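*Asks:* Mapping to numbering that gives the first Met the number 0: the sequence shown position 196 is 195, numbers consecutive.
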Amino acid sequence: MLTRFKPAVTISSTKLFSQNLSGCASLLKPGLKKLLYKRNIPGNSFSGSMATKTEQTSQRTSTEPPSDSNGTGQSDHTTASPSDYTIVKEGKAEILFPNKNKVFYNPVQEFNRDLTVAVISLFAEEQLKKKGLSVGGIGLEQSDKETTTDDLPTVDQDPTHMVQAGDKCQDGLTVLEALSATGLRAIRFAKEVPGIREIVANDLSREAVSSIQKNITHNGVDDLVVANHADASAFMYEHRGKQVKFDVIDLDPYGSPSAFLDSAVQSVKDGGLLCITCTDAAVMCGNGSETCWTKYGSMSLRAKYCHEMALRIVLSCLDRHANRYHRYIVPQLSLFADFYCRVFVRVYVSQAQAKRSASKQAMVYHCSGCDTFNVQRIGRIVEKNRSVKFHPGNGPPVGPACEHCSATHQIGGPIWAEPLHDAGFVQRLLSSVENSADRFNTAQRMVGMLSVVSEELPDCPMFYCLDKLASVVRVNCPPLLAVRSAILHAGYQVSLSHTCKTAVKTDAPPHVIWDIMRGWAKLNPVNPSRLSSDAVASTILGKEPGIEANFTIRADANPASRQKGLKRFQENPKYWGPKARAGRGEEAQEDRRKRLQGKRQQEQLDLKQFPCKRFKQGHCEYGDECRYSHELGDQENTTSSTVEQEKE
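#1: On the CB-based measure, 16 or more other CB atoms within 10 Å of its CB, does residue 630 come out buried or exposed?
#2: For the alpha helix (DSSP H) containing residue 294, name the first residue and the last one.
#3: Leaving aside the five residues before and after residue 294 along the sequence, list all residues of the same chain whose C-beta is less than 6 Å from its C-beta, in chain order.
#4: Could you tell me which uninterrupted alpha helix (DSSP H) segments, each at least 4 residues in length, are contained entirely in the segment 192-234, listed from first to last along the chain?
#5: Nearest to residue 192 by alpha carbon, out of 523, 204, 180, 168?
#6: Our contact map puts residue 320 next to residue 366 with C-beta atoms below 8 Å; I'd like the distance itself, whole angstroms only.
#7: So is residue 164 buried or exposed if we call it buried at 16+ other beta carbons inside 10 Å?
#8: Excluding sequence positions up to five away, which residues of its chain have a Cβ less than 8 Å from the Cβ of residue 315?
#9: Provide the residue(s) that pair with residue 95 in DSSP beta bridges, ordered along the chain.
#10: Contact between the segment 262-272 and the segment 233-246 is defined here as three or more beta-carbon pairs at a separation below 8 Å; is this criterion met?
#11: Fully enclosed by the segment 352-387, which alpha helix (DSSP H) runs are 4 residues long or longer?
#12: On the CB-based measure, 16 or more other CB atoms within 10 Å of its CB, does residue 543 come out buried or exposed?
#13: What are the boundary residues of the alpha helix (DSSP H) that includes residue 409?
#14: How far does the alpha helix (DSSP H) with residue 116 in it extend, from its first residue to its last?
#15: Using the Cα positions of residue 465 and residue 536, report the straight-line distance between them to the nearest angstrom.
#16: Is residue 123 closer than 8 Å to residue 172 when the C-beta atoms are compared?
#17: So if DSSP puts residue 167 in a beta bridge, which residue, or which two residues, is it bridged to?
#18: Counting beta carbon pairs with one atom in the segment 334-344 and one in the segment 373-380, are three or more of them shorter than 8 Å?
#19: So, for residue 92: in the same chain, excluding its five sequence neighbours on each side, which residues have a beta-carbon less than 7 Å away from its beta-carbon?
#20: Nearest CA to the CA of residue 626: which residue from 617, 604, 616?
#21: Taking the runs of the beta strand (DSSP E) that are 3 residues or longer, which of them lie wholly in the segment 300-341?
#22: Quick check on the DSSP output: the beta strand (DSSP E) that includes residue 494 runs from which residue to which?
#23: Along the chain, where does the beta strand (DSSP E) containing residue 246 start, and where does it finish?
#24: Do the CB positions of residue 117 and residue 431 come within less than 8 Å of each other?
#25: If we count Cβ pairs, one from each stretch, closer than 8 Å, do we get three or more for the segment 547-560 versus the segment 484-495?
#26: Between which residues of its own chain and residue 523 is the CB-CB distance below 6 Å, once the five residues before and five after are set aside?
#27: Does residue 292 pass the burial test, meaning 16 or more other C-beta atoms within 10 Å, or should it be called exposed?
#28: So for residue 445, helix, strand or coil by DSSP?
#29: Locate the alpha helix (DSSP H) running through residue 486, then write down its first and last residues.
#30: Roughly how many angstroms separate the alpha carbons of residue 531 and residue 364, rounded to a whole number?
#31: Is DSSP giving residue 461 helix, strand or coil here?
#32: Span of the beta strand (DSSP E) holding residue 269?
#33: Give me the residue from 425, 393, 248 with the minimum Cα distance to residue 231.
#34: Is the beta carbon of residue 252 closer than 8 Å to that of residue 259?
#35: In this structure, does DSSP put residue 347 in helix, strand or coil?
Okay, here's the thing in structure tokens:
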């Protein structure tokens, strides 16, 4: 929601620097290359220094303009013109967004931010329960008895132990938003996530840090959020110590997060939460597999399941970074939405568990003809009694040519071959969102997406695409329920995927899938002329099916999310897609887009600067509508007549 910012914004420079002493020390001394930021930890001389300075500002409402007093009775401030800002309202936060394109903001990713608030809220609730605290206002009250995990201690709903969003909790979470830009996420966390002790909103841009500080003061969350100016990787490397690690780290970079992953897995606590966004989906979906290799250490494939493979590439890269430090990851939720990947993983410390990571990675053999795929684990574990031995994987699972169409294979990966989500966490998150739908503007889509995720088969990497299967064998596309029913009749499992509308995710082997398509082709014969020029289709359909496909519709073939008509997939909204990198120019981004519209089009030549040949010859049938000049023709005729008279 956008509204014009009416009151002038007045920021006290003295107050800004004093409040930012621990979070933005580099602003005081720009020449310092070493980070001066110190966390509020026991024994720290800065501990508690922020509390007395923010008692008054924390009571200010989000709509009240910041004070311009510096405590001396004299004016010491910089004033922002009302025309320079627009208030961006999202959740409970109000962001003073400059009209000039100096910081990065993308309204399309509201779903991303809503989902992150919900995930961190649930994570905070689970962590605080271990400390005997409970949280309120996040939609868990109605379903605690059904969804609470057994390993979490239960506490009575005592108001003295109830933690509310917006209140500082000394036993709460420390959160780092490493690439904050406007501070929108950090402020939403402070106002909407209960159980927060401290949030650091960091950015490398001085203009962004100044904007973050303005927004912190405007929203009255000075006691919870600290603006910090530093390089994100260097800042996280300096917080690898046990006492200064973060409970939650949120990375939402422009493009790939690969440069920040090594420092992130080291600076998060044991059992902490990493929230990572990747907007370079094209690279992970087969458009530039060599670039994917340099960034993530994996070869991407151009296939119908590329979006799920992108998620598995990110998780594989994360786990390999963590393994270097005897750590390993456990994915809580992994989504491909719109144009980006968003993964939520917990990082644990265990050398023994880290050794198992090789068996969680796999290579993908993808047929270039019929799109059949096979997954080969890189490592395998042999457990006998109490003995555990680790061995390289056996393979390859395919021959020199595809057994179905005789085409060659492409090799992709490594990818994460374990489940993308934690089923229990997803179910609790879904219950939380359903019980507090009024918290989020995108709650309807969140419920639909999480419902599909909860139905996905956890142990089946990748999927087949129904329209692609039909295209390969040149038949009309069969109904989704018919194919799902045929797979169930054959004794296998099947589910949808949140990354594709026509996905068929199943544990059925490839030959069963093609037998089902051969059965459909018999019921719906293919025109022989279409097979004569297609070697792949003729090879597949030329084989007799090994099983008889039964397309009788089964009741369990229609998933619950489809029966309820939930919003699982939506049309792309206005301004969909990743925005341009934040610029330093004075011109607003929208104004620049309008000015440069059609820049590459060839300028139209003004033909009126040339005389009309027909008019010169005596008659032009176009008259005044002629694109050429008749006046120049008159002048040339007059000039030529004068010259001839002079010669005579």
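Backbone N, C-alpha and C define an ideal beta-carbon position, used for all residues, glycine too. These numbers were taken from a predicted model, which means no experiment stands behind them.
*Replies:* On the basis of the data shown:
#1: exposed
#2: 288-295
#3: 255, 257
#4: 205-218
#5: 168
#6: Not quite, the Cβ-Cβ distance comes to about 31 Å (not below 8 Å), so this is no contact.
#7: buried
#8: 295, 296, 297, 360, 412, 413, 414, 415
#9: 86
#10: yes
#11: none
#12: exposed
#13: Careful: residue 409 lies outside any alpha helix (DSSP H), inside the beta strand (DSSP E) at 408-415.
#14: 109-128
#15: 15 Å
#16: yes
#17: 195
#18: no
#19: 183, 186, 187, 190, 218
#20: 604
#21: 326-336
#22: 493-496
#23: 245-250
#24: yes
#25: yes
#26: 474, 475
#27: exposed
#28: helix
#29: 479-488
#30: 28 Å
#31: coil
#32: 267-277
#33: 248
#34: yes
#35: strand
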